[in-house]
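To keep things clear, I will list the structure first and then write my remarks on it.
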Amino acid sequence: MKIAVFSAKRYDREFLDAANVAEGHVLKYFDAPLDSESVGLAAGFDAVCIFVNDKADAEVLAALKQGGTGLVALRCTGFNNVDLKAAAQLGIKVVRVVTYSPYSVAEHAVALVLAINRKIHRAYNRTRDSNFALDGLMGFDLHGKKVAVVGTGKIGRVFAKIMLGFGCEVIGYDKYPSPEFEALGARYAEPGEIGKSADIVSLHCPLTPETHHIINAESLARAKRGALLVNTSRGGLVDTEAVIEALKSGQLGGLAIDVYEQEAGLFFRDLSNAIVTDDVLQRLISFPNVIVTGHQAFFTREAITTISETTLRSATQYAKGQALTDEITASN
Ligand code: NAD
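Now the structure itself:
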């Protein structure tokens with residue numbers, strides 16, 4: 140089967156090529172993201188393989204259909220960038236990688252908690268300049284602190300388990316609570332309690348119309364003063380401008396994000412020689428108590444191997460007319 144791989148980086152090529160030895164598809168790599176301008180490149184391909192910031196909206200999907208593409212294979216878990224209803228209407232199948240390594244993202248979230256609390260980013264820069272002073276580097280013990288997990292699915296539960304290991308009290312919120320979360324020794328709480336009492340809030344729910352900007356001026360005003368916020372899920376969960384105001388007033392004690400609402404066009408690119416015109420991101424980066432990583436939480440060898448193998452296995456299932464194990468539809 141002919142597959143057009145969009146937003147292809149060196150590591151995508153390396154791992155997809157390795158996984159393709161077993162599957163034998165014809166892969167054509169494009170640096171460009173999939174969007175209404177680049178969609179013409181997919182004409183004549185049976186499938187497109189896309190990533191988190193590619194855009195498969197109704198317009199792009201209609202163009203894909205016209206060009207003969209019948210499968211959109213997301214090499215990621217989140218699918219907020221695909222119009223599933225439009226895909227269903229056009230008869231285009233959509234697959235994603237339901238599970239790869241929840242450890243990759245959860246461990247990165249923990250790394251962000253530790254770094255932002257103990258100011259590792261600042262210490263690293265200071266000691267490189269032979270500044271061994273400690274002023275401004277004080278953190279707090281994680282032991283005994285209250286950590287809130289919003290979205291207690293696969294990643295949220297791994298994160299919860301690690302934080303329980305630190306001796307934290309872990310509370311959670313989920314639209315669909317799971318006994319597995321409680322079995323870890325954590326408990327569910329109402330958003331009100333989470334806001335009022337959590338020392339650290341970590342976001343692990345998907346971006347949906349319902350979760351868009353769940354962190355906003357109101358929820359920040361209700362939060363415990365000085366709390367830390369970690370977001371490794373999707374940028375759109377957070378109203379960034381409201382967060383900037385909360386950081387300025389000290390209401391929010393620190394922010395560590397791997398995702399940013401306007402990350403498309405910025406993340407996954409080396410812009411070190413360019414002028415970044417996104418003033419919101421630049422303001423964020425200027426705070427000493429903010430850490431930004433560029434959507435790298437998934438980026439472990441184990442995760443990329445599984446992502447590549449699962450994506451191409453789905454393509455093979457599609458080519459053979461088999462049931463698609465990892466199909467995602469508007470209703471599931
Ligand atoms: P999952 O489906 O196992 O868990 C998501 C949880 O969120 C589920 O328990 C679900 O019930 C819950 N949820 C749904 N709607 C909710 C709502 N309105 N309020 C509260 N909870 C709600 O998914 P996962 O594998 O744990 O992944 C979680 C998210 O992590 C993904 O949606 C994706 O956006 C993000 N992610 C980020 C990276 C990265 O590299 N930064 C990588 C993978 C996944």
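Residues 140 to 471, numbered by my numbering, are exactly what the sequence shown covers, in order.
Idealized CB from N, CA, C, for every residue including glycine.
Computed from a predicted structure; not experimentally measured.
{"query": "Three-way DSSP call (helix, strand, coil) for Lys232 in this model", "result": "strand"}
{"query": "beta-carbon Ala299 near the ligand NAD non-hydrogen atom, thresh 7 angstroms", "result": "no"}
{"query": "Of the listed residues Ser453, Val377 and Arg408, nearest to Leu210 (C-alpha basis)", "result": "Ser453"}
{"query": "heavy atom of the ligand NAD below 7 angstroms from Arg373 C-beta", "result": "yes"}
{"query": "Contact set for Gly217: own chain, Cβ-Cβ below 7 angstroms, skip 5 residues either direction", "result": "Val191, Pro345, Leu346 and Arg373"}
{"query": "Continuous alpha helix (DSSP H) stretch holding Arg221: start and end", "result": "Per the sequence shown, the amino acid found at residue 221 is Val instead of Arg. Here Val221 belongs to no alpha helix (DSSP H), and DSSP marks it neither H nor E."}
{"query": "Length at least 3, wholly inside the stretch 152-202: the beta strand (DSSP E) runs in chain order", "result": "165-168 and 186-189"}
{"query": "Local conformation of Arg214 per DSSP, three classes", "result": "coil"}
{"query": "Gln390 and Arg422 closer than 8 angstroms at C-beta", "result": "no"}
{"query": "Own chain residues within Cβ distance below 7 angstroms of Ala226, not counting five before or after", "result": "Leu200, Val211 and Val233"}
{"query": "Met277 burial status per 10 Å Cβ neighbour count (16 or more: buried)", "result": "exposed"}
{"query": "Selection from Ile255, Thr450 and Ser425 that minimises the alpha carbon distance to Leu368", "result": "Ile255"}
{"query": "Thr455 vs Glu162 beta-carbon contact at 8 angstroms", "result": "yes"}
{"query": "The alpha helix (DSSP H) enclosing Leu276, as first and last residue numbers", "result": "It is not in any alpha helix (DSSP H) - Leu276 carries neither H nor E in the DSSP assignment."}
{"query": "Check: Pro241 C-beta below 7 angstroms from any heavy atom of the ligand NAD", "result": "yes"}
{"query": "Three-state class that DSSP yields for Arg364 in the structure shown", "result": "coil"}
{"query": "Length of the line joining the Cα atoms of Ala413 and Glu319", "result": "47 angstroms"}
{"query": "Asp397: CB within 7 angstroms of a non-hydrogen atom of the ligand NAD", "result": "yes"}
{"query": "Beta-carbon gap between Val286 and Ser341 smaller than 8 angstroms", "result": "yes"}
{"query": "Proximal residues to Lys204 (C-beta, below 7 angstroms), its chain only, five neighbours per side dropped", "result": "Leu229 and Ile231"}
{"query": "For Arg341, three-class secondary structure by DSSP", "result": "The amino acid at residue 341 is misidentified as Arg; the sequence shows Ser. Strand."}
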